[in-house]
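The block underneath contains the structure these notes are about, expressed in structure tokens.
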Amino acid sequence: MKRLFKSNKELTKNSSSNNRANQPSKAKTKATSERIGQLGEYKIDIQLSQFPNNYRYLSDIMLPNSKAKSGYSQIDHLLITPFGIFVMETKNYSGEIRGGRQDKQWIVNKRFKMMNPFNQNYGHMQALKSVLGNHDLHFISIITFTKRAVFSIDPELRKIQSDDLCVYDTELTEFINRKIQVIKLLNETKKLTNEEIDGYYKRIVEVNIDDTATRKEHVEKIKSHDSIPAVCSHCGTKVSEKVKEYCLSHNRYNGQVYCFDHQKLNKK
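Last residue of the sequence shown: 268 (full-length UniProt numbering), numbering continuous.
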């Protein structure tokens, strides 16, 4: 009988320990948004790697840009093809995304403002032109969102004829292939040779800044200009950038930022 009581006691203790282990810690919660972002980047890398061998792609490139507030441009992804250079900026917001090409700022969930991502990508393309020494290259600007986003954007940004395209990450390959077909039909752009493609690729790799300290400083400067406040919408408590991104990445928070305590109260 004592053995039975002891077994039940141990079982209860183990069950309690398992329950505590299964509860998300603050560290895990803070890391979730980062993992989601990394997964999105990985999904795009996989798609870009499937293009023909004479196409060259690069990810997470940082180039000097004297016109940028931080002094640099950090490019998420680019694909160099015979028909143009596709420059991609990835966004990890969920909920309604509202904006047009000419708007200075876009609206996330009718509440938060973010810089027009096409203006951001324009700066990246200007940096590329400077580095490559060729201002006549054909650039196509693509902004990607995950399927957690809902587009309420200018319809022109979804038309394949445009050089400014807003797409879901799952349809990136389709849009790039369709865009290339349009360029081929119009026959308005001088094709890049394989030698030119390789030359541009090597030049970008050569200029790319991979110094950890410089990259960290760049990120900190960008954060200081972020227009979405890192404060709890309920109590006004300041939160970290990771907590803010975590909240914005989950539909259950309805596009609002919450501290750890109020995240629990606002979970559906």
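Using N, Cα and C, we set each Cβ at its ideal position, and we do this for glycine too.
Which residues does DSSP list as the beta-bridge partners of Leu-78? Looking at the DSSP assignment, Leu-78 forms a beta bridge with Leu-58, Val-87.
Beta-carbon contacts of Gln-47 that lie in its chain and below 7 Å, excluding the five residues immediately before and after: The residues Leu-172, Thr-173, in chain order, have a CB closer than 7 Å to that of Gln-47 in the same chain once the five nearest residues on each side in sequence are set aside.
Limits of the unbroken alpha helix (DSSP H) element including Asp-198: Under the DSSP assignment, Asp-198 falls in the alpha helix (DSSP H) whose first and last residues are 194-207.
Span of the beta strand (DSSP E) around Leu-165: It spans 164-168 - the beta strand (DSSP E) in which Leu-165 sits, taken as one unbroken run.
The beta strand (DSSP E) enclosing Ile-143, as first and last residue numbers: 139-145 is the span of the beta strand (DSSP E), which, as asked, contains Ile-143.
Can you tell me where the alpha helix (DSSP H) holding Glu-245 begins and where it ends? For Glu-245, the enclosing alpha helix (DSSP H) starts and ends at 241-248.
Just reading off the alpha helix (DSSP H) that Phe-112 is part of, what are its end residues? First-last for Phe-112: 112-115, but that is the beta strand (DSSP E), not the alpha helix (DSSP H).
Please report how far the alpha carbon of Lys-244 lies from the alpha carbon of Ala-149, in whole angstroms. So the alpha carbons of these two residues sit roughly 16 Å apart.
Specify whether the segment 85-100 and the segment 141-160 touch according to this definition: at least 3 beta carbon pairs, one from each stretch, less than 8 Å apart. Because the criterion of three Cβ pairs below 8 Å is met, the segment 85-100 and the segment 141-160 touch.
For Ile-80 and Tyr-258, which I take to be in contact (beta-carbon distance under 8 Å), what is that distance rounded to the nearest angstrom? Between Tyr-258 and Ile-80 the Cβ distance is about 42 Å, and since that is not below 8 Å, they are no contact.
Would you call Ser-49 buried or exposed, if buried means 16 or more other Cβ atoms sit within 10 Å of its Cβ? By the C-beta density criterion, Ser-49 is exposed, having fewer than 16 other C-beta atoms within 10 angstroms.
Going by DSSP in three states, Lys-67 sits in which element: helix, strand or coil? In the structure shown, Lys-67 falls within a coil segment according to DSSP collapsed to helix, strand and coil.
What three-state label does DSSP hand Val-219 in the structure shown? Residue state, collapsed to three classes: helix.
What residues are listed by DSSP as bridge partners for Ala-213? As DSSP reads the structure, Ala-213 sits in no beta bridge.
Nearest-angstrom Cα distance between Met-115 and Tyr-122? It is roughly 12 Å from the alpha-carbon of Met-115 to the alpha-carbon of Tyr-122.
Contacting residues, own chain, Cβ-Cβ under 8 Å from Phe-175 (five flanking each side not counted): Closer than 8 Å at Cβ, skipping near neighbours: Ile-142, Ile-160, Leu-165, Val-167.
Would Ile-44 and Gly-84 qualify as a contact pair, given that the criterion is a beta-carbon distance under 7 Å? In this structure, Ile-44 sits away from Gly-84, with a CB-CB distance that is not shorter than 7 Å.
Cα-Cα separation, Ser-59 to Lys-238: Going from the Cα of Ser-59 to the Cα of Lys-238 covers about 32 Å.
Closest to Arg-101 by CA distance: which of Asn-92, Arg-178, Pro-117, Lys-147 is it? Considering only alpha carbons, the answer is Pro-117.
Which residue wins for smallest C-alpha separation from Tyr-42, given the options Asn-119, Glu-196, Val-87, Thr-170? The residue among Asn-119, Glu-196, Val-87, Thr-170 with its C-alpha nearest the C-alpha of Tyr-42 is Thr-170.
What residue range does the beta strand (DSSP E) around Ile-160 cover? Bounds of any beta strand (DSSP E) do not take in Ile-160, whose DSSP letter is neither H nor E.
Where do the N-terminal and C-terminal ends of the alpha helix (DSSP H) with Glu-174 fall, by residue? Its alpha helix (DSSP H) spans residues 172-186.
Keeping to the same chain, check which residues put their C-beta closer than 6 Å to that of Asn-65; ignore five residues upstream and five downstream. Non-local C-beta neighbours of Asn-65 in its own chain, meaning closer than 6 Å and more than five positions away in sequence, comprise Tyr-72, Ser-73, Ala-127, ordered along the chain.
Output yes or no for whether 7 Å exceeds the beta carbon distance between Val-205 and Leu-63. Using a Cβ distance threshold of 7 Å, Val-205 and Leu-63 do not count as a contacting pair.
Over the uninterrupted beta strand (DSSP E) stretch that includes Phe-51, give me the two end residues. Here Phe-51 belongs to no beta strand (DSSP E), and DSSP marks it neither H nor E.
Contact check, residue 273 vs Thr-189 under 8 Å by CB: the rounded distance? Lying before the first or after the last residue shown, residue 273 is absent from the chain, which here runs from 1 to 268.
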